[in-house]
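In the working numbering, the protein residues as written are 684 to 939. One structure below.
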């Protein structure tokens, strides 16, 4: 690692918060490795920003091992932004899809675990490492229909806070960024299996966050002096006062 060089891995970088974070960190002068499954989107993002593209499935041990080897071979790492994840469905517990819950756990929790384990040696070696996890306000409180997603985000948040305890005295910060409702091109659309009308209703009648808002918060947390740790930062749209209460304009219907 060259002295003074900041280099980040950003997972889930092919869209939404991940892509916005790549753009923001590159604009701020960071070297960035953009990681996601969709190689075509990564290559376009790399061409746009100058980031390095690395196609990988974070549910694959082999792919994560390849990523760790790439980082070691190409200059090390100062920061890891664990952003990959997502929600599937909005079903009550009694109708919940077990396979959907399993898929969410594999991506949100075990994906974060795999990448963090694999890259922690490089972060330690940098002498000023960061493990930043994009969790969710779903990891703080429940809402009807959300047990699958709130469950995995609670688990991811506990992974993050436990890691912070376990790394006491080491030169690695552990940061939890918990967004509320963020309107991105894919999150709600994926959650509702491509139902664009249902996805749009999540954001009707108020101004939600957008991906750039969260990227701004991520950049803020990573660029504090290294003795300053942003343990947990909750960021919501002004209209959203809890996971179940949003101040929508009267004509709007539906709820997140």
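Glycine included, every Cβ here is placed at the ideal spot set by N, Cα and C. Small disclaimer: the values here were computed from a predicted structure and weren't measured.
Residue of the options minimising C-alpha distance to residue i
i           : options            : result
residue 807 : 759, 735, 840      : 759
residue 795 : 777, 809, 815      : 815
residue 874 : 831, 813, 893      : 831
residue 741 : 791, 700, 783, 706 : 791
residue 767 : 699, 827, 810, 923 : 699
residue 711 : 872, 906, 765      : 906
residue 822 : 844, 813, 886      : 844
residue 784 : 689, 829, 731      : 829
residue 856 : 708, 705, 763, 707 : 763
residue 951 : 811, 884, 787, 911 : Outside the modelled stretch of the chain, which goes from 684 to 939, sits residue 951, for which no answer is possible.
residue 797 : 825, 747, 915      : 747
residue 754 : 743, 772, 735, 771 : 735
residue 915 : 751, 697, 859, 883 : 859
residue 887 : 826, 923, 810, 703 : 923
residue 919 : 911, 909, 825, 896 : 896
residue 825 : 801, 854, 773, 847 : 773
residue 854 : 765, 811, 692, 865 : 811
residue 691 : 744, 880, 750      : 750
residue 927 : 904, 863, 909      : 863
residue 801 : 778, 743, 771, 889 : 743
residue 889 : 921, 900, 879      : 921
residue 838 : 879, 778, 789, 880 : 789
CA-to-CA distance, residue j to residue i, given in whole angstroms
i           : j           : result
residue 757 : residue 721 : 22 angstroms
residue 782 : residue 876 : 14 angstroms
residue 939 : residue 737 : Low confidence applies to residue 939: its pLDDT is 41, below 50, so where it sits in the model is not reliable enough to give any reading.
residue 931 : residue 818 : 24 angstroms
residue 849 : residue 727 : 38 angstroms
residue 894 : residue 852 : 33 angstroms
residue 769 : residue 870 : 7 angstroms
residue 885 : residue 902 : 27 angstroms
residue 872 : residue 882 : 5 angstroms
residue 917 : residue 723 : 32 angstroms
residue 689 : residue 713 : 5 angstroms
residue 866 : residue 761 : 29 angstroms
residue 684 : residue 809 : Interpretation of residue 684 is limited by its pLDDT of 44, a score under 50 that renders its predicted location unreliable; the figure taken from the coordinates is listed afterwards. Distance between the alpha carbons of residue 684 and residue 809: 7 angstroms.
residue 929 : residue 827 : 14 angstroms
residue 707 : residue 820 : 23 angstroms
Residue i classed as buried or exposed, judged by whether at least 16 other C-beta atoms fall within 10 angstroms
i           : result
residue 775 : exposed
residue 841 : exposed
residue 940 : Given a span of 684 to 939 for the chain in the structure shown, any question on residue 940 remains unanswerable.
residue 676 : Nothing can be reported for residue 676, as the shown portion of the chain is limited to 684 through 939.
residue 752 : exposed
residue 703 : buried
residue 701 : buried
residue 716 : buried
residue 908 : exposed
residue 891 : buried
Endpoints, beta strand (DSSP E) assigned at residue i
i           : result
residue 839 : Per DSSP, residue 839 belongs to no beta strand (DSSP E); it is in the alpha helix (DSSP H), 830–849.
residue 741 : Looking at the DSSP string, residue 741 is not in any beta strand (DSSP E), and its letter there is neither H nor E.
residue 764 : 762–765
Residues sharing a beta bridge with residue i, DSSP
i           : result
residue 861 : 917
residue 717 : 693, 736
residue 856 : 813
residue 747 : In the DSSP output, where bridge partners are listed per residue, residue 747 has none listed.
residue 806 : Note: residue 806 sits in no beta bridge, so no partner.
residue 929 : 923
residue 866 : 893
Residue range of the unbroken alpha helix (DSSP H) whose run includes residue i
i           : result
residue 872 : 870–874
residue 706 : 699–710
residue 880 : 879–884
residue 792 : Unbroken run through residue 792: none, as it is neither H nor E.
Residue-chain proximity (residue i, chain B), Cβ-Cβ < 9 angstroms
i           : result
residue 862 : Going by chain labels, chain B is absent from the structure shown, which holds only one protein chain.
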